[in-house]
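Protein chains in written order, with this note's numbering: chain A, 16 to 731; chain B, 20 to 125; chain C, 33 to 198; chain D, 319 to 714. In this text, a Cβ means the ideal position worked out from N, Cα and C, and glycines have one as well. Note that the structure is a prediction, hence the values are computed from the model and not measured.
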């Protein structure tokens with residue numbers, strides 16, 4: 016329980032063994048970049064070194080603290096599991112979770128609490144966000160070096176990093192929502208960073224408005240949750256909104272459509288995640304968001320912010336999975352509910368839908384954007400199918416290789432003098448060897464090239480979960496098809512960009528060291544991260560689910576697993592082969608139709624035009640609003656205006672009548688009446704004579720009269 | 020006088036002070052004096068609040084006290100704005116006489 | 033109901049009356065100060081220490097000084113030629129008397145029925161502080177906002193004509 | 319930490335004396351009589367101290383200016399204040415013809431009364447406080463703001479333009495620095511958690527090793543103390559903030575038209591204000607009556623209090639001998655553009671200090687914030703310094 020303390024900010028600290036100073040100081044992780052952002056905002060545009068130094072320094076500080084927090088979790092694990100092993104006992108609940116909460120303010124009897132939490136989920140996200148963020152910050156120093164708004168850029172980026180870290184550590188849905196909205200705001204600001212370009216400004220607005228649609232549902236979910244459970248803390252020693260008591264209460268409420276209140280609230284919150292993570296049908300803003308600078312695309316619209324939606328679903332997973340009958344899937348127990356089914360289907364269809372569109376795009380960043388949407392769909396599907404660990408593993412690996420791809424794309428764009436059309440590139444393999452090498456690694460990781468790359472393992476665990484899903488096999492086939500498409504469009508892109516011969520203007524050049532170094536580091540992790548999630552050593556899943564993981568090659572021997580791995584490998588090779596056969600080393604003219612367009616124009620057109628979703632929204636939602644605006648305008652003019660006109664006319668009539676009477680009386684020669692009238696008018700005019708004291712006098716007299724009436728009438 | 024309870028005494032003093040303040044606001048010509056009258060009225064209200072707090076059933080709830088404290092703060096703001104207005108009007112019309120200030124325009 | 037109360041009430045009311053009746057504006061302002069001080073002492077007599085001192089601090093320290101400044105800035109220290117009372121002073125007096133009559137009536141009618149506490153409430157400054165940042169934190173924030181707005185507003189209103197050469 | 323009964327008794331000698339004297343009275347009258355005795359003590363001690371200080375100041379200033387100072391009346395000129403006092407009493411009391419006689423008479427009286435009231439809540443030694451009031455600090459400040467009105471009354475009632483200008487300057491200056499004074503004290507209240515001055519002293523009366531826990535030895539306390547000292551100097555109209563009575567511009571400021579005993583009262587009030595504000599500063603930041611080292615606690619607490627107060631008085635005199643007078647606009651700029659923001663920042667830092675809990679980190683963070691702000695604001699402040707034409711906004 017939260018203790019009432021005389022000092023409003025005095026915290027009631029709940030330490031976990033062994034010592035928890037990192038938990039108490041966890042708020043410093045988001046605070047450092049936010050403070051840095053505030054300081055940068057005060058700097059002059061010319062102070063570039065100081066601005067970037069502050070941003071990078073603060074994020075390094077956050078990274079160090081995040082690593083300490085991660086280490087804290089690891090050591091807690093070691094202690095708990097060591098104890099279990101040494102004394103051969105089983106703890107019923109080995110959850111490693113430390114929270115700090117405090118009361119923000121109080122309304123009557125209900126309090127609004129905020130706080131932060133450190134658990135494996137938050138720890139791994141903290142490390143990922145601050146690490147990837149740091150690399151991208153370093154990269155941006157090179158990428159944005161020539162921009163005149165350099166300091167503004169780092170101000171926004173720092174604010175973003177801080178808010179994102181805040182999302183990760185919040186233990187309160189309200190705090191999370193606040194950070195979530197700041198994240199949305201910075202996304203808006205950064206997409207429209209080059210606001211002189213009308214397209215950038217429009218894209219920023221589009222992103223903001225589209226994500227707001229999701230956030231409205233999110234807010235509804237928050238309000239509903241608060242009204243049902245009276246708390247917005249996730250975990251609070253058994254009385255938080257994601258813990259036993261609250262869940263039982265929520266499950267007992269029925270919300271219609273076969274959903275419990277828990278599921279319905281979960282779905283509302285999921286709607287927020289749909290907006291943020293660009294899931295169907297709110298995906299339209301993400302491709303347009305590529306109008307922002309490339310580091311922004313890498314950090315916000317690939318690695319972290321869009322993943323925040325996935326993270327949110329993972330965070331409120333207990334809410335969505337509440338009341339599920341448990342059944343074994345793979346190695347872990349896992350259940351499914353109506354809410355999770357929705358998540359799964361949305362994810363799987365988004366995965367295929369976006370992958371299809373990506374096949375026919377020509378903008379290097381747009382392809383990656385659709386690929387991001389598609390991969391986010393995988394994550395969502397993974398969450399719905401296999402639980403937190405499956406989805407989160409893909410999130411982490413994806414963050415690294417997608418950031419790598421985006422930074423690589425930025426490097427390519429930079430090297431080709433701000434050219435983004437892949438048809439006007441080509442042959443960069445020789446001009447930009449470092450970029451090519453790292454890009455190829457990222458591309459293979461994204462495709463899920465077998466055994467070596469991290470993407471293979473994370474995608475594989477999603478496919479495995481899909482295969483074991485007993486409600487429908489639909490998602491499995493969709494996801495496998497998506498994997499094929501992924502390999503295909505990435506091959507197409509790489510062939511266009513790096514193979515063939517140079518088709519652009521001027522000559523391409525390799526990017527500076529400050530940009531290629533982050534690429535190399537990210538490439539390393541794009542490969543290495545796979546190690547922690549192989550079936551032989553499922554450490555990541557164990558980490559998130561608080562179990563021990565042992566290295567055991569028998570993990571591969573699970574029935575069906577070998578076949579699955581073979582299938583997915585074959586699919587990847589098929590995609591790669593198809594792509595190479597269509598596009599490999601051909602270097603077509605920029606104006607020439609695409610290879611696929613030539614063979615299947617009926618397929619190409621809808622893909623190129625993004626399945627007409629934007630146009631659909633244009634003729635439905637936007638047209639509806641335009642129509643509605645016209646209707647209200649008409650109402651304003653005709654109905655309300657008409658009423659006003661009628662009233663005016665009536666008063667005019669009344670005035671005419673008065674005038675007639677007046678004229679009549681004056682003409683009649685009633686001088687005395689006339690005098691009285693004018694003196695009466697004078698009397699009335701004195702009421703509005705601009706004399707303050709008169710007003711006051713009348714006011715006081717009226718009060719006297721009213722009070723007298725009141726007292727008189729209430730006499731016994 | 021027949022007043023037996025202390026509360027009634029304080030309330031009557033407050034009522035009288037309020038009436039004095041009101042009279043001041045009503046009968047004087049000078050705008051500043053009107054503001055002074057209003058301050059007196061506010062103070063009378065404060066006295067009421069404190070008296071009710073002191074003799075009310077739940078003094079530990081501090082409601083009346085809090086009202087008085089907030090009212091003091093608000094009165095300070097009111098005085099600042101009011102006097103600023105008076106000075107501003109004085110710059111326009113060169114007078115603070117309310118009887119001469121009867122044009123509803125600058 | 034003791035001598036101290038009567039003394040303080042008399043002081044306060046005398047201050048108030050003087051503030052309203054005196055001819056000279058500065059005298060009025062000073063008389064107001066007496067009324068404010070009397071009220072503060074009444075607060076102290078009502079065991080409201082904090083409110084009493086806050087009253088002195090705010091009213092004597094700030095409001096009275098403000099009034100004095102305003103008087104000097106508007107040349108209010110010179111005696112007006114055509115009397116200090118407004119032309120319709122009699123109406124005002126009647127209304128004020130009416131207000132007092134109605135209030136006094138209300139008090140005398142109702143107060144006897146109301147039970148009242150006579151024990152001295154044990155309220156410390158710490159309690160007031162806790163209440164201010166606890167139960168009353170929202171009003172506190174709003175008052176803070178109001179004060180800021182009023183400060184800015186007063187400055188802007190008073191400085192409006194600064195650009196124009198006098 | 320009193321070591322032996324002897325020292326304890328010596329420490330409490332005034333309390334014991336009072337109790338002994340009061341013991342002759344019936345029990346019902348004892349509390350009231352105790353208070354009366356305390357009032358008598360204050361009314362005797364501080365004017366005596368005032369007399370001493372005038373000599374001290376004149377001689378000190380003399381030495382600073384390379385001359386001797388008063389040395390004719392009595393040994394080393396020590397009886398100079400007696401002579402001055404006699405002179406003040408027997409001089410003619412002149413009231414200007416057109417002055418507002420009543421207000422002119424009330425002004426010095428209300429000033430001295432209000433200043434005397436301030437001493438009621440100052441703890442001058444262990445248990446040596448006249449009234450241990452729950453809202454003592456608030457009482458102190460509410461009394462000290464009342465003096466502003468007296469100053470105005472004096473200046474206005476004299477019907478002299480120099481007096482009026484001096485009074486307006488003084489009031490404007492006191493109001494401006496009052497804010498800084500109050501806010502810098504609030505940080506102490508935030509840490510001590512009480513408005514009662516004895517409790518604030520009690521909170522500082524402990525030691526780490528031999529070093530005391532005075533608030534001046536913390537980052538926010540040091541910053542707060544500096545701000546407090548500046549504001550206190552301005553509040554008492556002392557040099558370098560003595561514009562209201564700058565003799566080269568305004569003859570003698572708001573007491574130009576005062577003579578004889580009324581002038582002496584103003585003089586007394588000014589010095590008493592200095593004592594009280596030094597006493598409050600001592601109480602808030604310098605540990606009040608607590609000893610500076612743990613092994614010195616055997617020396618009576620009241621000796622410590624008065625030594626600290628006299629030390630601050632010495633600093634006042636020293637500054638008067640050293641620093642040139644400011645200009646009105648510099649004075650106002652300094653108050654509103656440097657002191658006020660810095661004090662507000664100090665409040666935030668104090669909150670941070672309280673919030674961050676024990677540990678070395680808060681030392682680093684708080685010191686860093688204050689140092690950065692000080693350097694930054696100082697540089698900004700000096701850069702925007704431009705010497706435009708003089709404007710006397712209160713002198714139209």
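Applying the 10 Å Cβ sphere with the 16-neighbour rule, what's the burial state of residue 34 of chain C? With fewer than 16 Cβ atoms within 10 Å of its Cβ, residue 34 of chain C is classed as exposed.
Using a Cβ-Cβ cut-off of 8 Å, state whether residue 715 of chain A counts as contacting chain B. yes
Unbroken beta strand (DSSP E) run spanning residue 125 of chain A, endpoints: 125 to 133
Just reading off the alpha helix (DSSP H) that residue 409 of chain A is part of, what are its end residues? In the DSSP assignment, residue 409 of chain A falls within the alpha helix (DSSP H) that extends over 403 to 430.
Residues within the region 49 to 65 of chain C neighbouring chain B, beta-carbon criterion of under 8 Å: 49, 51, 52, 57, 60, 61 and 64
6 Å Cβ shell around residue 653 of chain D - same chain, five flanking residues per side excluded: 494 and 495
Would you say residue 188 of chain C reaches chain D, if we count a Cβ-Cβ gap shorter than 8 Å as a contact? No, no contact with chain D.
For the region 624 to 641 of chain D against the region 458 to 472 of chain D, are there 3 or more C-beta pairs whose distance is under 8 Å? no
Identify every residue that forms a DSSP beta bridge with residue 269 of chain A. A:275
Rounded to the nearest angstrom, how far is the Cβ of residue 164 of chain A from that of residue 62 of chain A, given a contact under 8 Å? The Cβ separation is near 13 Å, so there is no contact.
Run through DSSP, which three-state label would residue 297 of chain A get? Coil.
Quick one: which chain C residues come within Cβ less than 7 Å of residue 106 of chain B? 102, 105, 106 and 190
Since residue 679 of chain D and residue 505 of chain D are thought to touch, with beta carbons under 8 Å apart, how far apart are those beta carbons, to the nearest angstrom? Actually they do not touch by this definition, with Cβ atoms about 19 Å apart.
Beta-carbon proximity list for residue 442 of chain D, same chain, < 8 Å, skipping 5 on both sides: Around residue 442 of chain D: 597, 607, 620, 623 and 624.
Grab the span of the alpha helix (DSSP H) containing residue 359 of chain A for me, first residue to last. Looking at the DSSP string, the run of the alpha helix (DSSP H) that includes residue 359 of chain A is 353 to 374.
I believe residue 59 of chain B touches residue 43 of chain B by the beta-carbon criterion, under 8 Å. Please report the beta-carbon distance rounded to the nearest angstrom. For a cut-off of 8 Å, the C-beta gap from residue 59 of chain B to residue 43 of chain B is around 7 Å, short enough to register as a contact.
Can you list the residues of chain A that residue 93 of chain B reaches, using a CB-CB cut of under 7 Å? Result: empty, since nearest Cβ-Cβ is about 19 Å, beyond 7 Å.
Of the listed residues A:694, A:453, A:330 and A:466, nearest to residue 399 of chain A (C-alpha basis): It is A:330 whose Cα lies nearest to the Cα of residue 399 of chain A.
Within the chosen definition, does the region 409 to 420 of chain D reach the region 442 to 460 of chain D through at least 3 CB pairs nearer than 8 Å? no
Below 8 Å on the Cβ atoms is my contact criterion, and I expect residue 519 of chain D with residue 601 of chain D to pass it. Report the Cβ-Cβ distance as a whole number of Å. 6 Å
Can you give me the start and stop residues for the alpha helix (DSSP H) that residue 444 of chain D sits inside? Careful: residue 444 of chain D lies outside any alpha helix (DSSP H) and carries neither H nor E.
Counted within 10 angstroms of its Cβ, other Cβ atoms place residue 195 of chain A as buried (16 or more) or exposed: buried
Residue 294 of chain A and residue 374 of chain A: beta carbons closer than 8 Å? With respect to the 8 Å criterion, residue 294 of chain A and residue 374 of chain A are not classified as neighbours on the basis of their beta carbons.
Inter-residue spacing [alpha-carbon to alpha-carbon] between residue 646 of chain D and residue 553 of chain D: 14 Å
Given that a residue counts as buried once 16 or more other Cβ atoms are within 10 Å of its Cβ, and exposed if not, what is residue 58 of chain C? buried
Which residues in the same chain have their Cβ closer than 7 Å to the Cβ of residue 560 of chain D, if we skip the five residues on either side of it in sequence? 643
Spatial distance of residue 397 of chain A from residue 480 of chain A (CA atoms): 7 Å
Any beta carbon from chain A within less than 8 Å of residue 80 of chain B's own beta carbon? For residue 80 of chain B, the answer is no, since every Cβ of chain A falls outside 8 Å of its Cβ.
Have a look at residue 413 of chain A and residue 608 of chain A and give me their C-alpha separation to the nearest angstrom. 32 Å
Starting from residue 81 of chain B, trace the alpha helix (DSSP H) in both directions and tell me its first and last residue. Neither: residue 81 of chain B is in no alpha helix (DSSP H) and is coded neither H nor E.
Could you work out which residues of chain C lie near residue 721 of chain D, taking near to mean beta carbons separated by less than 8 Å? This structure cannot settle anything about residue 721 of chain D, because the visible part of chain D is limited to 319 through 714.
Does chain B have any CB closer than 8 Å to the CB of residue 201 of chain C? Residue 201 of chain C cannot be examined here, being either before or after the span of chain C that is shown, 33 to 198.
Can you list, in chain order, the residues of its chain with a C-beta nearer than 6 Å to that of residue 570 of chain D? Leave out the 5 residues immediately preceding and following it. 563
Residues that residue 64 of chain B contacts on chain C, provided the C-beta gap is smaller than 9 Å: Within 9 Å Cβ-Cβ: nothing; residue 64 of chain B doesn't reach chain C, min ~11 Å.
Between which two residues does the alpha helix (DSSP H) holding residue 803 of chain D run? An answer regarding residue 803 of chain D cannot be provided, because it is not within the stretch 319 to 714 covered by chain D.
Host alpha helix (DSSP H) of residue 648 of chain A (start-end): It spans 638 to 649 - the alpha helix (DSSP H) in which residue 648 of chain A sits, taken as one unbroken run.
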